[in-house]
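J.:
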Amino acid sequence: DQQVKQNSPSLSVQEGRISILNCDYTNSMFDYFLWYKKYPAEGPTFLISISSIKDKNEDGRFTVFLNKSAKHLSLHIVPSQPGDSAVYFCAARVMYNNNDMRFGAGTRLTVKP
Amino acid sequence: DAGVTQSPTHLIKTRGQHVTLRCSPISGHKSVSWYQQVLGQGPQFIFQYYEKEERGRGNFPDRFSARQFPNYSSELNVNALLLGDSALYLCASSLYPGSYNEQFFGPGTRLTVL
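Protein chains in written order, with our numbering: chain A, 1 to 113; chain B, 114 to 227.
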């Protein structure tokens, strides 16, 4: 029962270009969405989040877009840098349940110099 | 300041054995959550503890148990290990439950069950 899906296991982008990572969800009961970044041998690190009442949130080079009607979330990184190379996880919190968070399987981003 | 620490980093066990994994949260953090990440999948929620009480439990069998100590460190115990328990076990701490934008993960414990 995978309710948060990241259908692209990997993505390769040239330095300076835009990286777009996608995430789809099937449960309308999610009220908060997050992106995490994970480097090898480290735990995931919180990157950016968005509430279900918004459609966009921006933090520096990172922007998250939420399309509720399509149940689709995307993370844009502009411009991409080699240090952005990592695995990115999309996660969603079940409404009114602080301890129930569902993760996607992750997308490995490689930014080439 | 030390981040979330977990021990051991790697562990090899055989089927049927018992394992205890340990987690020390960031100083001042009172909430600890445990996740299981099987290879090729995202983390899956196992337990959340806050102020030494269980606040949530994911869809895991009773072989999995946890506790939180007065210093807010935590242990995850798994009994009667199965091959399918092989995974990276992540611990995360935050000030309060649900503070996901301020939740910090440890590097994990890699458990291999043979």
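The beta-carbon is built from N, C-alpha and C at its ideal position, and this holds for glycine as well. Note that the coordinates shown come from a computational prediction; the quantities given were computed from them, not determined experimentally.
#1: Checking contacts by CB at 8 angstroms: is D31/A closer than that to chain B?
#2: If you draw a straight line from the alpha carbon of Q150/B to that of F173/B, how long is it in whole angstroms?
#3: Counting only Cβ-Cβ distances shorter than 9 angstroms, please list the residues of the region 31-51 of chain A near chain B, keeping chain order.
#4: Starting from Y185/B and walking both ways along the beta strand (DSSP E), at which residues does that stretch end?
#5: Would you mind stating whether G104/A and L203/B have Cβ atoms separated by less than 8 angstroms?
#6: In chain B, which residues lie less than 7 angstroms from D100/A when you measure between Cβ atoms?
#7: Could you please tell me which residues of the region 207-220 of chain B, in chain order, have their CB closer than 7 angstroms to any CB of chain A?
#8: Run through chain B and tell me which residues come within less than 8 angstroms of R108/A, C-beta to C-beta.
#9: Helix, strand or coil: which one does DSSP assign to D175/B?
#10: Can you tell me the Cβ-Cβ gap for R108/A and F30/A, rounded? I've got them flagged as a contact below 8 angstroms.
#11: Just to confirm, are P79/A and R17/A a CB contact at a threshold of 8 angstroms?
#12: 8 angstroms is my cut-off, CB to CB: does S203/B come that close to chain A?
#13: Please report the Cβ distance between L227/B and I125/B, rounded to the nearest whole angstrom; I am assuming they are in contact, meaning their Cβ atoms lie under 8 angstroms.
T.: In this structure, then:
#1: No, its Cβ sits nowhere closer than 8 angstroms to a Cβ of chain B.
#2: If I take the Cα positions, the gap works out to 13 angstroms.
#3: Listed in sequence order: Y32, L34, Y36, K38, A41, E42, G43, P44, T45, F46, I48, S49.
#4: First-last for Y185/B: undefined, no H or E at that position.
#5: No, the pair does not count as a contact, with Cβ atoms beyond the cut-off.
#6: The contacting residues are F158, G169.
#7: Residues of the region 207-220 of chain B with a C-beta less than 7 angstroms from any C-beta of chain A: P210, G211, Y213, N214, Q216, F218, G219, P220, listed in chain order.
#8: Chain B residues near R108/A: none, gap ~11 angstroms exceeds 8 angstroms.
#9: Coil.
#10: Actually they are not in contact, since the Cβ atoms of R108/A and F30/A sit about 24 angstroms apart, beyond 8 angstroms.
#11: Their beta carbons are under 8 angstroms apart, which means P79/A touches R17/A by this criterion.
#12: Per the sequence shown, the amino acid found at residue 203/B is Leu instead of Ser. Taking 8 angstroms as the CB threshold, L203/B lines the interface with chain A.
#13: Taking a contact as a CB-CB distance under 8 angstroms, the pair L227/B and I125/B counts as one, their CB atoms being some 6 angstroms apart.
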